[in-house]
Amino acid sequence: MDSLTFGPDDFIRCFGASREERSVIAAASADFDFRYRRLSQTERDEVVLGILDRLDGFTRVGEHRSDVWERCWSDAKQAFIDADGNLDALNPVFMGAHPVIRLEGDYARPDDPRFETAWFGVLRRWLLSRYLPSARHVMEFGCGSGFNLAAAGRLFPNLPLVGLDWSPSAVALVNGIGERHGLDLHGRHFDFFVPDPGLDFPAGTVAMTFAALEQTGGRFDIFARWLLEKGPALVVSMEPIADFYDSGLLFDHLALRYHRHRGYLDGYLGWVREQAAAGKAELIDARRLGFGSLYHEAYSLVVWRPVATRTP
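For the sequence shown, the positions run 0 to 311 when numbering that gives the first Met the number 0 is used.
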């Protein structure tokens, strides 16, 4: 198969970005190799059969796996220390774990194994550049290694940042990033299933989740209702959204089966739409970006705000 390149105009199309944002996207993508090729029919059949063989072997997500995430972020904290504070050490090891990705409706094989991490980096740079310039505070819920907050801190060095997670190691890691790099960045314990009633949003706060709500399954509403009550200025979620899959297509059917087997986020977009219909929220964007790892697409966007929020 011929080699193809995913360029700035492809990112613009996927993101629904404006032409004025092209310079941001071009700068973010300039240093990375986004070449890839499509699979032959034989290769594609092998990928599909491999997915079918492994689907039933995956564990379900949920609060019962908190010890797994604690070990994961403890390892990340040690990796950050061992790397003498190098921010590249914060990239989660599960990103780019497979040589085949999902890209615009079919499978693809990137030339560079860092393709997924780099692709997400372009998305994140664009998201932060679009939604954070007027923010006064940023809180990321389920912040994990803190690599998203570190990226935000580099773009907006004077912006107060808070990373919230149920893992003590994640909280400690975020504090360590702030101290090591001189960022206004602090960690705080937070449980999606038992939101802190004493945690309030200062005016102009943007709340973010990046593939973190996926772990709450159908119980996301505990956190979502809390957000609606607390009233951040904006909510930016990058999550796997099952609503976007077309179960009549094998490519999407496999992702949907994986999504449901794992017990990932279920009903979030529908809930936001219900709040918007009731006049309680404004849905700003809901978008499938058409990109993912081998099994599913964790890179869909839902951006909304509570209607009664304070103006930044």
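A virtual CB, placed ideally from N, CA and C, is assigned to each residue, including glycine.
Report all residues from its chain with a CB closer than 6 Å to the CB of serine 128; omit the five preceding and five following residues, and keep chain order.
Leaving aside the five residues that flank serine 128 on each side, the residues in its chain whose CB is nearer than 6 Å to its CB run, in chain order, Val23.
Test item: CB-CB of glutamine 214 and glycine 269 under 9 Å:
Going by C-beta atoms, glutamine 214 is not nearer than 9 Å to glycine 269.
If you measure between the beta carbons of leucine 86 and isoleucine 221, is that distance less than 9 Å?
Not in contact: leucine 86 and isoleucine 221 (Cβ atoms no closer than 9 Å).
Starting from the C-beta of serine 28, find all residues in its chain whose C-beta is less than 7 Å away, skip the five residues before and the five after it, and write them out in chain order.
Listed in chain order, the non-local C-beta contacts of serine 28 below 7 Å within the same chain comprise Pro7, Phe10, Val121, local neighbours out to five positions each way being set aside.
Note the first and the last residue of the continuous beta strand (DSSP E) segment covering arginine 321.
The structure shown has nothing for residue 321, since the chain only spans 0 to 311.
Valine 67 to valine 60, Cα distance in whole Å?
Each residue's Cα considered, the two are about 10 Å apart.
Cα separation between threonine 308 and valine 271?
A caution first: threonine 308 carries a pLDDT of 47, below 50, which makes its placement in the model too unreliable to give a value.
Can you find the residues in the same chain that come closer than 7 Å, C-beta to C-beta, to tyrosine 244, ignoring five residues on each side of it along the sequence?
Cβ neighbours of tyrosine 244 beyond the five flanking positions: Asp251, Ala254, Leu255.
Where the alpha helix (DSSP H) containing glutamate 273 begins and where it ends:
Its alpha helix (DSSP H) spans residues 267-276.
Start-to-end residues for the alpha helix (DSSP H) that takes in arginine 286
Run containing arginine 286: none in the alpha helix (DSSP H); it sits in the beta strand (DSSP E), 280-286.
Own chain, CB closer than 8 Å to leucine 154, minus 5 neighbours either side, in chain order
For leucine 154, where only same-chain residues beyond five positions count, the Cβ hits under 8 Å are Arg124, Leu127, Ser128, Leu131.
With proline 109 as the anchor, note down where its beta strand (DSSP E) starts and where it stops.
Segment 105-109, the beta strand (DSSP E) holding proline 109.
Taking only runs that begin and end inside the segment 160-233, name each unbroken alpha helix (DSSP H) of 4 or more residues, in chain order.
For the segment 160-233, whole alpha helix (DSSP H) runs of length 4 or above, ordered along the chain, are 167-180, 220-229.
Identify which residue in Asp242, His185, Ser168 has its Cα closest to the Cα of lysine 73.
The residue asked about is misnamed: residue 73 is serine in this sequence, not lysine. For the residues Asp242, His185, Ser168, the minimum Cα distance to serine 73 belongs to Ser168.
Cα-Cα separation, aspartate 199 to arginine 179
Whole-angstrom Cα-Cα distance: 27 Å.
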